[in-house]
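Read left to right, the sequence shown gives residues 25 to 342 (the numbering used here).
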Amino acid sequence: MKKFLGVQDIGNLHDAVAEALEVKRNRFAYKHLGQDKTLLMIFFNNSLRTRLSTQKAAMNLGMNVMVLDVNQGAWKLETERGVVMDGDKSEHLLEAIPVMGSFCDLIGVRSFARYESKEDDYSEKILQQFIRYSGKPVFSMESATVHPLQAFADLITIEEHKRTQRPKVVLTWAPHPKALPQAVPNSFAQWMNATDYDFVITHPHGYELASEFAGNAPVEYNQDKALEGADFVYAKNWAAYSGDNYGKILCQDRSWTIDDRKMSLTNDGYFMHCLPVRRNMIVTDSVIESPNSLVIPEAANREISAEVVIKRFLEEMS
Ligand code: CP
């Protein structure tokens with residue numbers, strides 16, 4: 025594996041989940057793989073779970089880990105080629121990337137959508153430059169369009185909790201005061217579409233996801249109807265993708281908040297969210313604190329998804 029951006033990079037999903045469950049039982053069994061190897065984690069945006077879980081996974085594998093918060097302590101980076109750098113940005117990404125690559129064996133990058141240019145975001149302009157110029161394997165720790173380590177952890181969590189072979193999984197939009205990226209719902213949809221689950225997406229009109237991620241998943245605009253019989257409810261906010269509305273908030277309808285009435289429509293369904301979550305916007309206190317809430321084990325599985333992915337990179341290096 026030279027890069028990890030999506031479900032296409034992980035190979036057979038059944039094998040990947042089996043490997044994850046084995047790694048979860050024996051998470052220090054592969055410590056030899058990372059000896060004298062260094063992971064560099066680069067953050068252009070904030071993080072709690074990705075930072076801790078990915079670092080923990082790399083340490084489980086015996087790696088050295090360096091973390092760079094680009095906006096705290098590093099030189100301010102110019103990302104556009106051709107710019108006359110007479111402003112406040114002291115270094116260009118085109119020098120910074122190969123320099124960073126020279127100090128490590130593997131690079132994780134967090135770089136969210138900026139919502140300035142749909143073309144730049146959906147071409148993964150920042151992440152692709154790391155892939156092209158670092159000389160090292162690169163994985164997304166949530167980039168402009170995808171969050172594959174989250175989606176893999178979500179899949180592991182569903183596999184651990186499913187009560188039927190083919191559960192009904194519903195991805196539902198929920199309200200939020202800010203315009204959030206589509207990376208989490210994009211990846212969740214992409215990974216769910218790669219399973220044989222009964223996968224349904226529900227959101228208000230205007231929130232259609234990019235077809236390359238939504239695939240052929242049915243979209244039900246009536247949230248109550250979508251939730252009927254659901255085994256798993258995956259709530260997330262995202263800003264609009266389509267046309268001139270890219271990056272905009274089109275709806276703040278609080279009736280989309282996941283509450284006890286919504287969960288009562290499900291098949292005693294589990295509640296999932298990637299976190300961080302705005303309580304009583306996305307989900308009520310009551311639902312997130314209920315026994316059917318999986319948000320904590322789901323976050324804990326981020327260590328496992330990261331460990332499988334980093335392990336595979338290391339296996340190819342050895
Ligand atoms: N779910 C997730 O990626 O969390 P962080 O933004 O805290 O890393």
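Backbone N, C-alpha and C define an ideal beta-carbon position, used for all residues, glycine too.
Discussion item. For a test of your reading of the model: does the CB of Arg156 fall under 7 Å from any non-hydrogen atom of the ligand CP? Yes or no.
Written reply: no
Worksheet entry | Sufficient close CB pairs (3 or more, under 8 Å) joining the stretch 189-202 to the stretch 99-113 | no
Item to complete: Look at the alpha carbon of Glu331 and the alpha carbon of Ser211, and state the distance between them as a whole number of angstroms.
Response: 18 Å
Fill in: Own chain partners of Pro161 with C-beta closer than 6 Å, once the 5 adjacent residues on each side are dropped
Lys26, Leu130 and Phe337
Discussion item. Taking 7 Å as the cut-off, is the beta-carbon of Glu166 closer than that to any non-hydrogen atom of the ligand CP?
Written reply: Glu166: yes, Cβ under 7 Å from the ligand CP.
Item to complete: Kindly indicate which residue of Tyr294, Tyr258, Leu72 and Asn269 has the alpha-carbon position closest to the one of Trp280.
Response: Measuring from the Cα of Trp280, the nearest candidate turns out to be Tyr258.
Worksheet item: Comparing alpha-carbon positions, which option in Gly293, Tyr231, Val170 and Ala207 lies nearest Ser266?
Response: Tyr231
Item to complete: Quick one: give me the first and last residue of the beta strand (DSSP E) that Met296 is part of.
Response: Element bounds for Met296: Tyr294 to Met296.
Worksheet item: Which whole-angstrom value is the C-beta distance of Asp284 and Val311, which I expect to be below 8 Å?
Response: 6 Å
Worksheet item: Would you say the stretch 120-136 touches the stretch 69-89, given that touching needs at least three Cβ pairs under 8 Å?
Response: yes
Item to complete: Give the single residue among Gln96, Gly293, His116 and Gly97 whose Cα lies nearest to the Cα of Arg105.
Response: His116
Worksheet item: Helix, strand or coil: how does DSSP classify Leu92 here?
Response: strand
Worksheet item: Is any heavy atom in the ligand CP found nearer than 7 Å to the beta carbon of Pro315?
Response: no
Fill in: Segment limits, beta strand (DSSP E) that includes Arg134
Leu130 to Arg134
Worksheet item: Going by beta carbon distance, what residues of the same chain come within less than 8 Å of Lys272, once the five residues before and after it are set aside?
Response: Ala203, Ala263 and Ala264
Worksheet entry | Alpha-carbon to alpha-carbon, Ile150 and Glu339 | 26 Å
Worksheet item: In terms of alpha-carbon separation, which member of Leu29, Pro228, Arg75 and Val319 lies closest to Tyr294?
Response: Val319
Discussion item. Please state whether the Cβ-Cβ distance between Ala213 and Glu166 is less than 8 Å.
Written reply: Not closer than 8 Å, so no.
Item to complete: Tell me whether Thr188 counts as near the ligand CP, meaning its Cβ is closer than 7 Å to at least one heavy atom of that ligand.
Response: no
Item to complete: May I ask you to check if the CB of Thr15 is nearer than 7 Å to at least one heavy atom of the ligand CP?
Response: Beyond the ends of the chain as shown, which are 25 and 342, falls residue 15; an answer cannot be given.
Worksheet entry | Closest Cα partner of Ala241 within the set Lys249, Gly253, Thr226 and Asp255 | Thr226
Discussion item. Which residues does DSSP list as the beta-bridge partners of Ala259?
Written reply: Thr196
Worksheet item: Between the Cα of Gly35 and the Cα atoms of Val333, Cys298 and Ser342, which residue gives the shortest distance?
Response: Closest by alpha carbon: Val333.
Fill in: CA-to-CA distance, Glu322 to Met296, given in whole angstroms
For Met296 and Glu322, the distance between alpha carbons rounds to 7 Å.
Worksheet entry | For Gln32, the nearest candidate out of Ser329, Ala250, Trp215 and Thr308 (CA to CA) | Considering only Ser329, Ala250, Trp215 and Thr308, the residue with the shortest C-alpha distance to Gln32 is Trp215.
Fill in: Nonlocal neighbours in the same chain, by C-beta distance under 7 Å from Asp220, ignoring five residues either side
Arg190
Worksheet item: If you run the structure through DSSP and keep just helix, strand and coil, what is Ile282?
Response: strand
Fill in: Completely contained alpha helix (DSSP H) runs for the stretch 192-247, where each covers 4 or more residues
207-217 and 235-238
Worksheet item: Which parts of the stretch 31-92 are runs of the beta strand (DSSP E), unbroken and 3 residues or longer, counting only runs that do not cross its ends?
Response: 62-67
Worksheet item: CB-CB under 8 Å to Asn246, same chain, minus the five flanking residues each way: which ones, in chain order?
Response: Thr226
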